[in-house]
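Undergrad: One structure is given below, represented as structure tokens, and several questions about it will come after.
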Amino acid sequence: MSFEVVPEHLPSTSAKLDTALVGVADTVLGAVEAAVAAPPGFDGASAQILPVTFAHAAEFFPRTLEMIGRGEEAAAVLPIIAAEFTRADQYGADSVGSVHIAD
Numbered sequence: 103m104s105f106e107v108v109p110e111h112l113p114s115t116s117a118k119l120d121t122a123l124v125g126v127a128d129t130v131l132g133a134v135e136a137a138v139a140a141p142p143g144f145d146g147a148s149a150q151i152l153p154v155t156f157a158h159a160a161e162f163f164p165r166t167l168e169m170i171g172r173g174e175e176a177a178a179v180l181p182i183i184a185a186e187f188t189r190a191d192q193y194g195a196d197s198v199g200s201v202h203i204a205d
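Residues 103 to 205 in my numbering are what the sequence shown spells out, letter by letter.
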């Protein structure tokens, strides 16, 4: 498998990714209130709407925002990766450094 990196593209990719993730975060945060529905009636099924949608929202939104944060971390290191690829290429290195994004 081959993998080509154009270091000059990584900083602009980083900026585009960061901008996109801000938009995604705004959309997700805007949906929080609408994600938990109020029960429309007093029957057994309607009584489950609030706890079920709340349980889903309580799991979905924190995880989604965590992944957006990880994407922002990745976007932030793309310029660093570009510099490392450029440096390694200039010196004929057979490998490049790595950046670990926290778990």
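Each residue gets a CB set at the ideal place from its N, CA and C atoms; glycine is no exception.
1) Give me the residue from D196, Y193, F187, A137 with the minimum Cα distance to V107.
2) Out of A117, V126, P109, V154, which has the shortest C-alpha to C-alpha gap to L167?
3) Assign G171 to one of three DSSP states: helix, strand, or coil.
4) Enumerate in chain order the residues of its own chain whose CB-to-CB distance from S116 is below 6 Å, with the five nearest sequence positions on each side excluded.
5) Counting along the chain, where does the alpha helix (DSSP H) carrying P113 start and finish?
6) Please tell me whether G173 and L131 are closer than 8 Å, where the distance is taken between their beta carbons.
7) What residue from L119, L112, A147 has the CA that sits closest to M169's CA?
8) Under 8 Å, do T155 and A133 count as touching if we go by C-beta distance?
9) Enumerate in chain order the residues of its own chain whose CB-to-CB distance from L112 is below 7 Å, with the five nearest sequence positions on each side excluded.
10) Thinking C-beta only, is A159 closer than 8 Å to A137?
TA: Reading it off the structure:
1) Here residue 107 refers to the residue found at position 5 of the sequence shown. If we check each option's Cα against that of V107, F187 comes out closest.
2) What you label residue 167 is simply residue 65 of the sequence shown in a count that begins at 1. Closest by alpha carbon: V126.
3) For this step, residue 171 is matched to residue 69 along the sequence shown. It is helical.
4) For this step, residue 116 is matched to residue 14 along the sequence shown. Excluding positions up to five away in sequence, the list reads A177, L180, P181.
5) Mapped onto the sequence shown, residue 113 falls at position 11. Note, P113: alpha helix (DSSP H), 112-137.
6) Within the sequence shown, the letter at position 71 stands for residue 173. Within the sequence shown, the letter at position 29 stands for residue 131. It is not a contact, given that the beta carbons lie outside the stated cut-off.
7) What you label residue 169 is simply residue 67 of the sequence shown in a count that begins at 1. The shortest Cα separation from M169 among L119, L112, A147 belongs to L119.
8) Here residue 155 refers to the residue found at position 53 when the sequence shown is read from its first residue. Here residue 133 refers to the residue found at position 31 when the sequence shown is read from its first residue. In this structure, A133 does not lie closer than 8 Å to T155 by Cβ.
9) Here residue 112 corresponds to residue number 10 of the sequence shown, with the count starting at 1. Excluding residues within five positions, the ones whose Cβ falls inside 7 Å are L180, P181, I183, A184.
10) Your numbering for residue 137 matches position 35 in the sequence shown. Your numbering for residue 159 matches position 57 in the sequence shown. Going by C-beta atoms, A137 is nearer than 8 Å to A159.
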